[in-house]
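Numbering (this note's numbering), first residue to last: 74 to 606. From the three backbone atoms N, C-alpha and C, an ideal C-beta is built for every residue, glycine too. As the structure is a computational prediction, the values presented were derived from the model and not from experiment. Below: the structure, in structure tokens.
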Amino acid sequence: MRGGTTRTSGAVIAGVGALLTAYHVYGFLRIPAAAVSFLEPVPSFLSVVMTGVGVALAYGRLVESRSGWRLLGWTAAGTVALSVFGWWMFATLSSMGFPVLQRATPLVHVATFGALVGVLVGVYDVQNAEQKRSIERVNRVNDTLRIATQELVNRTERDELERAVCDRLVASDSYEAVWIGRYDEQADQVRPTAWAGFDDDYVDSLVVTVDDTPTGNGAGGRAIETRELQCVLNPEEDPSMAPWRHLLESRGVEALSVVPIYHDDTVYGFFSVYADRQNVFDAREREVLAELGETIGHAVASLETTARLAERERELERQNQRLDQFVGVVSHDLRNPLNVADGYLELAREADGGDPEGYLDRVGKALSRMEELVDDLLTLAREGEAVDQFRRVPLDSVAEEAWSTAGGPSATLRLGDDLGAVSGDPSRVRQLLENLFRNSVEHGGAGVTVSVTGTDTGFAVTDDGPGVPEAERETVFETGYSTNDAGTGFGLDIVRSVAEAHGWSISLAESRTGGARFEFSGVERLDAQPAVA
74 MRGGTTRTSG AVIAGVGALL TAYHVYGFLR IPAAAVSFLE PVPSFLSVVM
124 TGVGVALAYG RLVESRSGWR LLGWTAAGTV ALSVFGWWMF ATLSSMGFPV
174 LQRATPLVHV ATFGALVGVL VGVYDVQNAE QKRSIERVNR VNDTLRIATQ
224 ELVNRTERDE LERAVCDRLV ASDSYEAVWI GRYDEQADQV RPTAWAGFDD
274 DYVDSLVVTV DDTPTGNGAG GRAIETRELQ CVLNPEEDPS MAPWRHLLES
324 RGVEALSVVP IYHDDTVYGF FSVYADRQNV FDAREREVLA ELGETIGHAV
374 ASLETTARLA ERERELERQN QRLDQFVGVV SHDLRNPLNV ADGYLELARE
424 ADGGDPEGYL DRVGKALSRM EELVDDLLTL AREGEAVDQF RRVPLDSVAE
474 EAWSTAGGPS ATLRLGDDLG AVSGDPSRVR QLLENLFRNS VEHGGAGVTV
524 SVTGTDTGFA VTDDGPGVPE AERETVFETG YSTNDAGTGF GLDIVRSVAE
574 AHGWSISLAE SRTGGARFEF SGVERLDAQP AVA
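Here it is in structure tokens:
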């Protein structure tokens, strides 16, 4: 990194000012009291001011460290210009016959004034130049933020993202070096992962922790803990930077900023930017760097979310493959033996001339039960898919079709006059109603009455059976739940799956007669009459 000269130049100016002060004080003390005028202390005062300005410059105040030679140039120019002017003035007076007894002292007075003017003009000039450089630097940082944001959008890997940010910041010529570290919360340590402007040996020697040890109390540890930008304008005088002072001095680091990288409640790490000058990282620059840190944090969060979603998609794909295999086994490998067993059962009945003990009837019921389980499992596996093609579904006709296969001989179906039609998949709506009807018949008894009516937001299926206790109304839709020993526990789960596949919501309440009321909302109703719940 480039070294600075302001301190050396300030020391030179302070030294010259001190010598001039001593000269003027000595000369002032030699003047008889009666001959002292109000102008005599002025040169001494000017030289004292010059000494003070030099001391401030030597301590790194007022201007950048790289502007020392420019200050010396202005100081020399002011001194020479007024000295020449003074010499010309005295020479002119002498040529005109005016007696000039002492030329040295007035010339030194004029030179003092010239030196101070030169110093002040130099400080003013350098400060203006610094302001312009600061504006240019902020503009470059803004450009870097814009370009880095584009890099963040285009990157799909965190390693690539971090390297691109480091390269962009160093290429902007605003900073001499940059490195990014990731925060390991379990180890309470920040490990470098990307850098630019450094050699590998320097990065390998960095140790930054987040604890109460000396390596955890520096700017890096504070940035992680506070989530605020930490600026160190003079690492040599900052005691918290002692563990890394020799590394920073060896590379001429005059100032640095550590910017936390975080999003919401997660801290991902920080990036640290190094400069070879002080009087850097003003308010606007810190604001832009902090914004860049937040942008990087948002990008890292997005990458992690994308990675999790991709992994979730892969897992879902694996689950779907296993589900397809399961459906194939159930629909083919298991159904075929059932069909064979059912065929042999009929042959057994014919060969033995009936079934006086009822054993074959029990086998038949068991086979029928297994057939129901197979059908419910296949339905449950296939009904989870979303509906992609919606058609007009007349609720009254679909309900009647469903009742013809799921209703009991002694049970009653009542259809409201306000049903109309809904938008959905006819076969899956029928499956939904079949399972609801079967559930009502199983739990309400042979003489149960089931009603299908329209509502303002969809439709409802109610019965006059015993109903469902309020404490169990959330669990009845879970897979395998059943209060009937003969039930499969899949019926209401299938109802919920079909409703969700259509984008409908389902709720369970008590009907007016004390039975169960299944209400579907979010349903697109077509040409329906005003609903009466």
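For residue i, count the other beta carbons within 10 Å of its own beta carbon; 16 or more makes it buried, fewer makes it exposed. Which is it?
{"i": "Gly497", "result": "buried"}
{"i": "Ile86", "result": "buried"}
{"i": "Pro312", "result": "exposed"}
{"i": "Leu321", "result": "buried"}
{"i": "Asn512", "result": "buried"}
{"i": "Thr378", "result": "exposed"}
{"i": "Asp272", "result": "exposed"}
{"i": "Tyr197", "result": "exposed"}
{"i": "Thr94", "result": "buried"}
{"i": "Thr286", "result": "exposed"}
{"i": "Val326", "result": "buried"}
{"i": "Gln394", "result": "exposed"}
{"i": "Gln204", "result": "exposed"}
{"i": "Asp216", "result": "exposed"}
{"i": "Ser580", "result": "exposed"}
{"i": "Asp537", "result": "buried"}
{"i": "Glu390", "result": "exposed"}
{"i": "Ser82", "result": "buried"}
{"i": "Phe591", "result": "buried"}
{"i": "Ile208", "result": "exposed"}
{"i": "Thr478", "result": "exposed"}
{"i": "Ala328", "result": "buried"}
{"i": "Tyr99", "result": "exposed"}
{"i": "Phe343", "result": "buried"}
Give the straight-line distance between the Cα atoms of residue i and residue j, rounded to the nearest whole angstrom.
{"i": "Ala108", "j": "Ser120", "result": "Here the model assigns Ala108 a pLDDT of 45, short of 50, so the residue's position is not dependable, and the following value carries that caveat. So the two alpha carbons sit approximately 22 Å from each other."}
{"i": "Ser470", "j": "Phe593", "result": "18 Å"}
{"i": "Glu298", "j": "Val283", "result": "7 Å"}
{"i": "Gly294", "j": "Thr266", "result": "17 Å"}
{"i": "Leu418", "j": "Gly595", "result": "48 Å"}
{"i": "Glu547", "j": "Arg503", "result": "23 Å"}
{"i": "Ala84", "j": "Ala131", "result": "5 Å"}
{"i": "Ala292", "j": "Ser247", "result": "20 Å"}
{"i": "Gly493", "j": "His516", "result": "28 Å"}
{"i": "Leu92", "j": "Leu135", "result": "22 Å"}
{"i": "Ala269", "j": "Glu388", "result": "38 Å"}
{"i": "Ala184", "j": "Gly289", "result": "53 Å"}
{"i": "Val89", "j": "Tyr275", "result": "41 Å"}
{"i": "Ser345", "j": "Ser117", "result": "47 Å"}
{"i": "Asn412", "j": "Arg228", "result": "57 Å"}
{"i": "Ser500", "j": "Leu506", "result": "10 Å"}
{"i": "His575", "j": "Val460", "result": "6 Å"}
{"i": "Met314", "j": "Thr79", "result": "23 Å"}
{"i": "Ala484", "j": "Gln462", "result": "34 Å"}
{"i": "Gly518", "j": "Gly588", "result": "12 Å"}
{"i": "Leu144", "j": "Gly125", "result": "15 Å"}
{"i": "Thr561", "j": "Asp490", "result": "Since pLDDT at Thr561 reaches only 46, below the 50 mark, its modelled position is unreliable, and no value is offered."}
{"i": "Phe354", "j": "Glu235", "result": "21 Å"}
{"i": "Thr526", "j": "Lys438", "result": "35 Å"}
{"i": "Arg585", "j": "Asp337", "result": "49 Å"}
{"i": "Asn582", "j": "Glu473", "result": "Correcting the residue type first, residue 582 is Ala in the shown sequence and not Asn. Whole-angstrom Cα-Cα distance: 24 Å."}
Could you round the C-beta distance between residue i and residue j to whole angstroms and report it? I think they count as a contact, below 8 Å.
{"i": "Ala424", "j": "Leu433", "result": "Going by Cβ atoms, the distance from Ala424 to Leu433 rounds to 11 Å, so no, they are not a contact pair."}
{"i": "Gly127", "j": "Ser156", "result": "The pair is not a contact, with the Cβ atoms about 19 Å apart (cut-off 8 Å)."}
{"i": "Arg465", "j": "Leu599", "result": "6 Å"}
{"i": "Glu309", "j": "Arg318", "result": "7 Å"}
{"i": "Val332", "j": "Leu365", "result": "7 Å"}
{"i": "Phe510", "j": "Ala475", "result": "6 Å"}
{"i": "Cys304", "j": "Arg359", "result": "6 Å"}
{"i": "Val340", "j": "Tyr256", "result": "5 Å"}
{"i": "Val534", "j": "Val541", "result": "That pair is no contact at about 13 Å."}
Just to confirm, does residue i get its C-beta within under 7 Å of one of the non-hydrogen atoms of the ligand FAD?
{"i": "Leu321", "result": "Absent from the structure shown: the ligand FAD. Ligands present: none."}
Would you list the one or two residues that DSSP bridges to residue i?
{"i": "Glu592", "result": "Ala533, Ser580"}
{"i": "Phe343", "result": "Gly254, Pro333"}
{"i": "Gln303", "result": "Val331"}
{"i": "Ala348", "result": "Ala328"}
{"i": "Arg608", "result": "Residue 608 falls outside the range modelled here, since the chain spans only 74 to 606, and no answer is possible."}
{"i": "Val281", "result": "Val263"}
{"i": "Arg598", "result": "Val495"}
{"i": "Arg487", "result": "Ser524"}
Would residue i pass as an interface residue toward chain C - the criterion being a Cβ-Cβ separation below 8 Å?
{"i": "Arg465", "result": "Of the chains in the structure shown, none is chain C; there is only one protein chain."}
*Output the residue ranges of the beta strand (DSSP E) runs that lie fully inside the segment 190–272 and measure 3 residues or longer, sorted by chain position.*
The qualifying runs are 250–257, 262–269.
*asked:* In chain order, what are the residue ranges of uninterrupted alpha helix (DSSP H) at least 4 long that sit wholly in the segment 490–530?
replied: Runs found: 499–517.
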